[in-house]
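Numbers 1 to 224, taken from our numbering, label the letters of the sequence shown in order.
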Amino acid sequence: MNFKNSAFAAIATLSLLTFSLGGPVFAADSSFKDIGNVNGRDKINSLKEQGLIKGFSDTRFMPGSKVTTAQGVQFISGGLQLSLAAIDFNKAPLASGIFTKVKDNAWYAEAFVNAHYNGIEIDADIDPSKPMTKELFTSLLIQGVEKIGNLPMINIVPADIADADALEPSFQGSIQRSLKYNINTLDASGNFNPKKEITRAEAAVMLYNALEYLNSKTDSAPQN
1 MNFKNSAFAA IATLSLLTFS LGGPVFAADS SFKDIGNVNG RDKINSLKEQ GLIKGFSDTR
61 FMPGSKVTTA QGVQFISGGL QLSLAAIDFN KAPLASGIFT KVKDNAWYAE AFVNAHYNGI
121 EIDADIDPSK PMTKELFTSL LIQGVEKIGN LPMINIVPAD IADADALEPS FQGSIQRSLK
181 YNINTLDASG NFNPKKEITR AEAAVMLYNA LEYLNSKTDS APQN
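If you want it as C-alpha cells, here you go:
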C-alpha cells in the first residue's frame, strides 16, 4: 500500500503552516473567535486556515468541548489527509462492512474508511458516539503518522510516566513514541492522564504537532 501521496500532501501543507505562525497573517474574519485564551490557539487557527480542521461554525471552534470518537477519527483522517486515492478496489468499500456501529450515511463514515485502509487499526465494534480518551486518540494518531511518513521502528529510552499504571498496555508503545516525537508532553507532575477525555483544542494541538514532526522528517522529500 502506498502512503507517499498522503504524506507529501500533509507535509506540503505543514510547510505553509510553519510560515503562518511567524506573524499576524490571518484575516480579521478567518480565525476562530472563541480560542483567545486557549493554549495553542495559533496552531488551531493555522490548521483551520489550511482547511485541515473545522469548527461548529466559521468562527466557533468550541475548544473545551469533549471529542467524540467520531470527531477524533475525523480529526486524524482529515488532518493527515488520508484517502483511498492510491488504493484500487473492485467496488467502493462501505463503513458498515468494516465497523458494526458506523452507518454508511454518517457524516464521519468516510473518515473511518480512510483511516482503516491507510493502516490505522480501529476496533470493529468501536462506538463513534463515545468520548475519546487521550490514550486512544494518541494511539490512532501515532499509527497514522508512522504509516504516512513511512517512519522506521525506533529504539527509545522510555520516559518515566508517573501514572504509567493507568495506561492501557496496548497503547504504551505509541504513547512513549508520542512523547519522543514531541506530539505529547507530560504534565507538571509527570502524568500522562491517559483516561482523560480530550478536548477539541487538545486534539487539534496534537494534530499540529504530529504534522510538524512529519515535516521535520521529510524535508528532503520531493514535492509535486
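Glycine residues also receive a C-beta, built at the ideal position from the N, C-alpha and C atoms.
Classify Pro131 as helix, strand or coil using the three-state DSSP reduction.
For the purposes of this step, residue 131 is identified with residue 131 of the sequence shown, where counting begins at 1. DSSP places Pro131 in strand when its eight states are reduced to three.
Ile154 to Leu211 span [Cα, whole Å]:
Counting from 1 along the sequence shown, the entry for residue 154 is found at position 154. Counting from 1 along the sequence shown, the entry for residue 211 is found at position 211. Computed Cα separation, rounded: 19 Å.
Member of Pro63, Lys54, Leu52 whose CA lies at the smallest distance from the CA of Val38
Indexing the sequence shown from 1 puts residue 38 at position 38. Residue Pro63 holds the alpha-carbon nearest to the alpha-carbon of Val38 among Pro63, Lys54, Leu52.
Give a yes or no on contact between the stretch 136–156 and the stretch 71–85, applying the rule of three or more CB pairs nearer than 8 Å.
The answer is yes - the stretch 71–85 touches the stretch 136–156, with three or more Cβ pairs under 8 Å.
For the stretch 157–174 against the stretch 91–104, do three or more pairs of beta-carbon atoms, one drawn from each stretch, fall closer than 8 Å, so that the two count as touching?
They do not touch, by the three-pair rule.
Does the structure place the stretch 107–115 close enough to the stretch 32–49 that three or more beta carbon pairs sit under 8 Å?
Contact between the stretch 32–49 and the stretch 107–115 is absent, because fewer than three Cβ pairs lie under 8 Å.
Answer yes or no: do Thr199 and Ser31 have a C-beta to C-beta separation smaller than 8 Å?
Numbered from its first residue, the sequence shown carries residue 199 at position 199. Numbered from its first residue, the sequence shown carries residue 31 at position 31. No, the pair does not count as a contact, with Cβ atoms beyond the cut-off.
DSSP beta-bridge partners of Thr199:
Here residue 199 refers to the residue found at position 199 of the sequence shown. DSSP, once it has assigned bridges, lists Lys66 as partnering Thr199.
What separation, rounded to the nearest whole angstrom, lies between the Cα atoms of Ser216 and Ala203?
Residue numbering aside, residue 216 sits at position 216 when the sequence shown is read from its first letter. Residue numbering aside, residue 203 sits at position 203 when the sequence shown is read from its first letter. If you draw a straight line from the Cα of Ser216 to the Cα of Ala203, it comes to about 20 Å.
Taking buried to mean at least 16 other C-beta atoms within 10 Å of its own C-beta, is Ser170 buried or exposed?
Numbered from 1 along the sequence shown, position 170 holds the residue referred to as residue 170. So Ser170 ends up on the exposed side.
Kindly indicate which three-state DSSP category Ala166 falls into: helix, strand or coil?
Sequence index remark: in the sequence shown, residue 166 carries index 166 (1-based). Three-state DSSP puts Ala166 in a helix.
Would Tyr181 and Tyr213 qualify as a contact pair, given that the criterion is a beta-carbon distance under 8 Å?
Sequence index remark: in the sequence shown, residue 181 carries index 181 (1-based). Sequence index remark: in the sequence shown, residue 213 carries index 213 (1-based). The answer is yes: Cβ separation under 8 Å.
Can you tell me whether Phe75 is buried or exposed, with buried defined as 16 or more other CB within 10 angstroms of its CB?
Along the sequence shown, read from residue 1 onward, the residue named residue 75 stands at position 75. Its Cβ being crowded by 16 or more others within 10 Å, Phe75 is buried.
The alpha helix (DSSP H) with Phe112 in it runs from where to where?
For the purposes of this step, residue 112 is taken as the residue at position 112 of the sequence shown. Judged by DSSP secondary structure, Phe112 falls within the alpha helix (DSSP H) whose first and last residues are 109–117.
Locate the alpha helix (DSSP H) running through Asn45, then write down its first and last residues.
For the purposes of this step, residue 45 is identified with residue 45 of the sequence shown, where counting begins at 1. Taken as a continuous stretch (DSSP letters only), the alpha helix (DSSP H) holding Asn45 covers 41–49.
Tell me the DSSP secondary structure of Gly55 in three-state form.
By 1-based counting over the sequence shown, the position of residue 55 is 55. Coil.
Environment of Met206 [buried if 16+ CB atoms lie within 10 Å]:
Working through the sequence shown from its first residue, we reach residue 206 at position 206. With 16 or more neighbouring CB atoms inside 10 Å of its own CB, Met206 falls in the buried class.
Comparing the C-beta of Lys91 with each C-beta of chain B, is any distance below 8 Å?
This model lacks chain B altogether; it includes just one protein chain.
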